[in-house]
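Chains as they are written, first to last, in the numbering used here: chain A, 333 to 442; chain B, 39 to 150.
For every residue, glycine included, the Cβ atom is placed at its ideal position computed from N, Cα and C.
Listed below in structure tokens is the structure:
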């Protein structure tokens with residue numbers, strides 16, 4: 333079954349603002365990963381956070397993980413028009429497969 | 039390293055025909071995953087293969103769908119007697135023995 337529910341399903345903000353997306357999951361995980369998908373394209377790996385980590389940064393991206401609440405957030409700071417895409421969280425479970433959520437569609441308005 | 043190569047990029051089949059989707063993993067990667075994505079939805083896991091073995095096929099429909107990853111050559115996802123509901127984007131990902139999945143650009147299957 334799918335887990336990794338993203339919230340919100342859609343988000344529209346002005347360029348320069350920060351965008352925050354949340355992800356919840358149900359079972360124990362090895363790690364949680366965030367991916368970006370531009371319309372009609374493949375997935376691009378953004379960042380991976382392991383189950384024993386609480387926060388991770390990569391450029392304008394900041395990911396947090398709260399294993400007690402089984403939730404994660406992705407923050408994109410100083411958003412740009414090129415950040416417009418769908419963002420998916422994916423959990424890697426013991427069986428070593430990625431389980432994706434439904435995604436958040438982010439639109440950055442110029 | 040060319041990354042994960044999927045072909046064809048687009049595939050059109052009439053109802054009842056067979057669809058064969060190919061995935062060449064990254065060099066050195068022995069783990070291959072297939073996912074299906076319907077419009078405006080997330081990716082749904084189908085099958086996980088590791089050289090000549092099916093490790094997890096819990097997401098594969100029981101009929102008409104099969105997958106293989108032979109010792110030599112690409113991984114193949116085969117859909118027999120396609121129906122309109124099979125229309126979707128099919129993504130392949132490969133992984134080495136450490137973390138780090140790499141996704142291909144997908145094959146968009148349209149059944150007419």
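Per DSSP, the bridge partner or partners of residue 88(B): Looking at the DSSP output, residue 88(B) sits in a beta bridge with 69(B), 91(B).
Quickly, what does DSSP pair residue 429(A) with across the bridge? List them, please. DSSP, once it has assigned bridges, lists no residue as partnering residue 429(A).
Residue 369(A) and residue 378(A) look like a contact to me (Cβ under 8 Å); what is the Cβ gap, rounded to whole Å? Between residue 378(A) and residue 369(A) the Cβ distance is about 10 Å, and since that is not below 8 Å, they are no contact.
Does residue 11(B) have its Cβ less than 7 Å from a Cβ in chain A? Beyond the ends of chain B as shown, which are 39 and 150, falls residue 11(B); an answer cannot be given.
For residue 333(A), is the classification buried or exposed, using 16 other Cβ atoms within 10 angstroms of its Cβ as the cut-off for buried? Low confidence applies here, because residue 333(A) scores a pLDDT of 34, under 50, leaving its location unreliable and the question unanswered by this model.
Any contact between the stretch 71-79 of chain B and the stretch 125-132 of chain B? By contact I mean 3 or more CB pairs, one from each, below 8 Å. yes
Cβ pair count under 8 Å reaching 3, the stretch 418-427 of chain A against the stretch 100-117 of chain B: no
Candidates 435(A), 373(A), 414(A), 359(A): which alpha carbon is nearest residue 405(A)'s? For the residues 435(A), 373(A), 414(A), 359(A), the minimum Cα distance to residue 405(A) belongs to 435(A).
Assigned secondary structure, residue 126(B) (DSSP; H/G/I helix, E/B strand, else coil): strand
So that I know if they touch, is there some Cβ in chain B lying closer than 7 Å to that of residue 333(A)? Below a pLDDT of 50, predicted positions are generally treated as unreliable, and residue 333(A), at 34, falls in that range; no measurement from the model is reported.
Find the nearest neighbour of residue 83(B) within the set 423(A), 438(A), 440(A), judged by alpha-carbon distance. 423(A)
Taking 7 Å as the limit between beta carbons, can you name the residues of its chain near residue 396(A), skipping five residues before and five after? 386, 387, 404, 405
Assuming residue 346(A) is part of the beta strand (DSSP E), what are its boundary residues? 342-346
Determine, using beta carbons only, whether residue 102(B) and residue 118(B) come nearer to each other than 7 Å. Yes, these two residues count as a Cβ contact at 7 Å.
Integer-rounded CB distance, given that residue 441(A) should sit under 8 Å from residue 371(A): About 16 Å; that fails the 8 Å criterion.
Which residue or residues does DSSP assign as beta-bridge partners of residue 379(A)? 366(A)
Which one or two residues does DSSP pair with residue 76(B) in a beta bridge? DSSP output for residue 76(B) lists no bridge partner at all.
Quick one: which chain A residues come within Cβ less than 9 Å of residue 128(B)? Near residue 128(B) there are no residues of chain A at all, since even the closest Cβ is about 11 Å away, more than 9 Å.
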